[in-house]
Amino acid sequence: MNIVILAAGMGKRMQSALPKVLHPLAGKPLLGHVIDTARALSPQRLCVIYGHGGDAVPSAFANAGLSFAKQEPQLGTGHAVMQALPHIEDGATTLVLYGDVPLTTAASLQRLLDAAGNDKLGVLTVTLDNPTGYGRIVREQGKIVRIVEQKDANETERAIAEVNTGIIAAPTAKLRGWLAALSNNNAQGEYYLTDIIAAAVADGVDVVSAQPDDVAETLGVNSKVQLAELERVHQRNIATRLLEQGVTLADPARLDVRGTLQCGRDVSIDVNCVFEGRVEIADGAVIGANCVIKDAVIGAGANIKPFTHIESAKVGEQAQIGPFARLRPGTELAREVHVGNFVEVKNSIVGVGSKANHLAYVGDTDIGSGVNVGAGVITCNYDGANKFRTIIEDDAFIGSDSQLVAPVRVGRGATIGAGTTLTKDAPAEQLTLSRAKQISLAGWVRPVKIKK
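Following my numbering, the numbering of the sequence shown begins with 1 at its first residue and continues without gaps.
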């Protein structure tokens with residue numbers, strides 16, 4: 001099978017310098033969604049037709065293993081498919097998709113391919129309450145004989161509710177001939193791909209149809225309004241799947257998944273959470289409101305409290321994170337770890353049951369189990385040129401407002417007194433502190449404001 005994706009349009013109504021097919025839906029370009037769906041069908045050839053935006057489209061997918069063909073000037077959908085002919089093989093069916101129609105599913109496309117087989121022309125159609133603007137499917141005795149565009153349709157034809165989605169499957173050798181015979185004698189002066197239906201009928205080739213599971217699968221994007229509408233459709237579909245899997249969503253309308261979200265049983269997600277990249281949430285975990293989680297693994301029974309940001313991190317079972325915590329890339333938290341409000345952890349390993357409950361920075365650090373990190377503690381891991389590692393062994397206690405200047409090691413069971421600046425290793429089972437002597441000055445007078 002060959003697949004051709006038409007992605008050459010300018011998208012004037014998007015009011016943007018970015019090519020239309022590169023605008024993001026759920027964190028991924030519109031064209032990226034279509035390419036992923038196309039690949040699910042395992043095509044032998046996958047060709048993208050680009051045009052407006054110069055090389056922005058092929059550059060965005062430079063490492064995707066695709067063929068690209070440029071359409072310049074843009075003379076209609078039929079002309080666009082012509083540009084792909086050098087890149088596709090005759091001994092297979094060619095499926096034509098659109099780079100600005102992101103929600104079509106592989107299941108619906110397979111239905112179309114099955115209907116078309118090896119020798120028929122398949123057209124994906126839908127029936128709309130208001131078909132204005134769409135090409136109408138004209139049938140005679142139940143058989144499709146042609147498609148007429150809105151601007152070329154007469155009153156009777158405009159009353160037809162079954163419309164063309166533009167997605168077709170055709171025998172490639174026949175398709176070449178039909179494209180070569182296209183005319184631009186129409187209101188737009190363009191070469192319509194839809195005109196091949198009449199050509200197929202004239203050649204005695206059966207024209208068959210298939211329908212998608214949902215009309216939303218065929219909706220395209222021509223404006224930011226339509227992009228926003230499809231974003232909500234897509235997110236609602238994701239929310240529905242999560243609900244069916246047993247996930248509790250406080251409000252399915254206030255969820256954004258910009259990647260893949262895999263959840264176990266009895267997961268609970270509060271409102272306004274954003275999941276990016278690949279996120280895995282194990283059984284019984286709770287995600288509080290307004291969290292942003294990217295490329296992370298959340299262990300069973302973990303409690304991620306509101307306004308927490310997690311990126312490229314692993315959170316262990318029964319851990320408690322937040323509110324207002326930040327876990328940066330390279331963070332690995334064991335089970336029952338507590339990371340509290342306004343605590344930032346980066347590129348660090350934290351052992352079982354250790355706690356940093358408030359106002360701390362832990363960077364490039366290995367923390368053992370049972371460690372307590374007090375408020376205001378900072379691991380000073382960066383000297384302005386290089387980063388160094390801090391080691392805190394099991395059962396250590398780091399007093400509030402201490403600075404641990406890496407590279408430094410805190411021994412097992414050691415206590416660091418509050419306010420300490422630690423520049424040397426602290427021995428195990430001992431109290432280590434560094435403070436200036438406290439003094440009180442008798443007779444000291446507080447300065448007063450000078451009157452002018």
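Just so it is clear, CB atoms sit at the ideal spot from N, CA and C, and this is done for glycine as well. What you are looking at is a predicted structure, and each value in this text was computed from that prediction instead of being measured.
CA-to-CA distance, ALA173 to CYS291, given in whole angstroms: 53 Å
Close beta carbons around GLY53, own chain, < 6 Å, minus the five adjacent residues each side: PRO19
Buried/exposed call for ASN381, threshold 16 Cβ in 10 Å: buried
Simplified DSSP assignment, three categories, for SER515: The question about residue 515 has no answer here: the residues shown for the chain are numbered 1 through 452.
Three or more C-beta pairs below 8 Å linking the stretch 92–112 and the stretch 129–147: no
Reference ASN164, options LEU124, PRO29, LYS449, closest by Cα: LEU124
Three-way DSSP call (helix, strand, coil) for GLU229 in this model: helix
Beta carbon proximity, GLN211 to chain C, threshold 7 Å: The structure shown contains no chain C, having only a single protein chain.
Close beta carbons around TYR473, own chain, < 7 Å, minus the five adjacent residues each side: Any property of residue 473 remains undetermined from this structure, which presents the chain solely from 1 to 452.
Unbroken beta strand (DSSP E) run spanning LYS346, endpoints: 338–346
Candidates ILE287, LEU242, GLY330: closest to ALA319 by CA position: ILE287
The alpha helix (DSSP H) enclosing SER209, as first and last residue numbers: Where SER209 is concerned, there is no enclosing alpha helix (DSSP H), although the beta strand (DSSP E) it sits in stretches over 207–210.
Neighbour-count burial assignment, SER402, 16 or more Cβ in a 10 Å radius: buried
Whole-Å CB distance - THR105 paired with THR156, under 8 Å assumed: Rounded, the Cβ-Cβ distance is 33 Å, inconsistent with contact.
Cα-Cα separation between GLU229 and GLY246, rounded to whole angstroms: 26 Å
Endpoints, the beta strand (DSSP E) within which ARG258 is located: 255–263
7 Å Cβ cutoff met for LEU30 and PRO86: no
For GLN83, the nearest candidate out of ALA180, HIS33, MET14, GLN44 (CA to CA): ALA180
For ALA7, the three-state DSSP class (helix, strand or coil): strand
Opening and closing residue of the alpha helix (DSSP H) in which LYS174 lies: 172–180
Nearest-angstrom Cβ-Cβ length linking ALA285 and ALA296, presumed shorter than 8 Å: No, ALA285 and ALA296 are not in contact; Cβ-Cβ is about 11 Å, not under 8 Å.
Coil, strand or helix - GLU157 by DSSP: helix
Identified DSSP bridge partners for LEU333: VAL315, VAL350
Residues near TYR134 by beta carbon distance below 6 Å, same chain, minus five either side: VAL163
CB contact flag (ALA17, TYR50, <7 Å): no
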